[in-house]
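J.: Here it is: the structure, laid out below.
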Amino acid sequence: MKTYQIQLLNCNNHNIEISKYLQIMTEIPKEDADQIVSNVPVVLYENLDEECTGYFETALDYYQAEYKILPMPEECTIPKFPSRQVIVLGRVVDYFGQRSDFVQLARKYGFSRKKQLSQTPFSAKDGITEEEAVKLCQEFTNMGMRAQIVRSKKI
């Protein structure tokens with residue numbers, strides 16, 4: 001499988017959001033993620049497969065960051081990932097009652113209602129099937145929020 005290198009060139013005042021996204025995707029400590037985004041330009045990753053590169057490309061586009069993706073000469077084998085995770089990237093539309101819609105959605109899908117909608121990105125639900133992830137992502141879209149489905153190791 002082809003692999004890629006991602007270089008972060010400029011966060012365009014979205015350092016906090018990009019740092020949180022890195023924390024969610026890689027489980028690195030906050031301090032490390034903050035240091036990475038404050039030292040641009042920086043190589044974020046080397047040897048990412050196409051699927052994972054697409055996740056970062058989507059998020060960095062959403063946050064209007066400047067980045068470069070370069071193909072790497074190495075190829076690798078990526079293991080199967082049994083489940084999916086839904087990450088909320090941010091709000092596209094803000095409306096009266098959005099918080100109560102979020103609480104109802106949290107009850108329906110069984111995730112924490114304590115998330116602050118203004119503090120994105122955050123992981124809404126991890127370890128779900130692809131079908132459930134698609135439904136949940138669509139529900140967030142209906143609420144005026146941008147969500148992303150990524151692979152997960154949790155079962």
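Residue 1 is where the sequence shown starts when you use full-length UniProt numbering, and the numbers rise one by one after that. In this text, a Cβ means the ideal position worked out from N, Cα and C, and glycines have one as well.
1. With DSSP run on the structure shown, which of helix, strand or coil describes residue 68?
2. Does the separation of the CB atoms of residue 126 and residue 100 fall below 8 Å?
3. What does the Cβ neighbour count give for residue 112, buried or exposed, with the cut at 16 atoms within 10 Å?
4. If you follow the alpha helix (DSSP H) that residue 34 is part of, which residue opens it and which one closes it?
5. Could you work out which residue in 61, 98, 6, 29 is closest to residue 116 when comparing CA atoms only?
6. Evaluate contact between the region 8 to 18 and the region 33 to 47, counting only Cβ atoms and requiring at least three cross-stretch pairs below 8 Å.
7. Given residue 56, which residues of its chain have a CB within under 6 Å of its CB, disregarding the five upstream and five downstream residues?
8. According to DSSP, which residues form a beta bridge with residue 87?
9. Can you tell me whether DSSP reads residue 20 as helix, strand or coil?
10. In terms of DSSP beta bridges, what is residue 61 paired with?
11. Under three-state DSSP, which class holds residue 55?
12. For residue 121, is the classification buried or exposed, using 16 other Cβ atoms within 10 angstroms of its Cβ as the cut-off for buried?
13. Helix, strand or coil for residue 117 per DSSP?
14. How close, in whole Å, do the beta carbons of residue 123 and residue 87 come, if the pair is a contact with beta carbons under 8 Å?
T.: In brief:
1. Here residue 68 corresponds to residue number 68 of the sequence shown, with the count starting at 1. Correct three-state label for residue 68: strand.
2. Taking the first residue of the sequence shown as position 1, residue 126 is located at position 126. Taking the first residue of the sequence shown as position 1, residue 100 is located at position 100. Cβ distance not < 8 Å, so residue 126 and residue 100 don't count as in contact.
3. Along the sequence shown, read from residue 1 onward, the residue named residue 112 stands at position 112. By the 10 Å Cβ count, residue 112 comes out exposed.
4. The residue you call residue 34 lines up with position 34 of the sequence shown. Looking at the DSSP string, the run of the alpha helix (DSSP H) that includes residue 34 is 30 to 38.
5. The sequence position of residue 116 within the sequence shown is 116, counting from 1. The residue with the shortest Cα to Cα distance from residue 116 is 98.
6. yes
7. As a working mapping, residue 56 is identified with position 56 in the sequence shown. Around residue 56: 6.
8. The residue labelled residue 87 in the question sits at position 87 within the sequence shown. According to DSSP, residue 87 bridges with 123, 148.
9. Here residue 20 refers to the residue found at position 20 of the sequence shown. In the structure shown, residue 20 sits in a helix (DSSP, three-state: H, G or I).
10. In the sequence shown, residue 61 corresponds to position 61, counting from 1. In the DSSP output, where bridge partners are listed per residue, residue 61 has none listed.
11. Translated into the one-based positions of the sequence shown, residue 55 becomes position 55. Correct three-state label for residue 55: helix.
12. In the sequence shown, counting from the first residue as 1, residue 121 sits at position 121. With 16 or more other Cβ atoms within 10 Å, it is buried.
13. Numbered from its first residue, the sequence shown carries residue 117 at position 117. If DSSP states are grouped into helix, strand and coil, residue 117 belongs with coil.
14. As a first step, residue 123 is located in the sequence shown; it is residue number 123 there, counting from the start. As a first step, residue 87 is located in the sequence shown; it is residue number 87 there, counting from the start. Contact flag correct, Cβ pair sits at about 5 Å.
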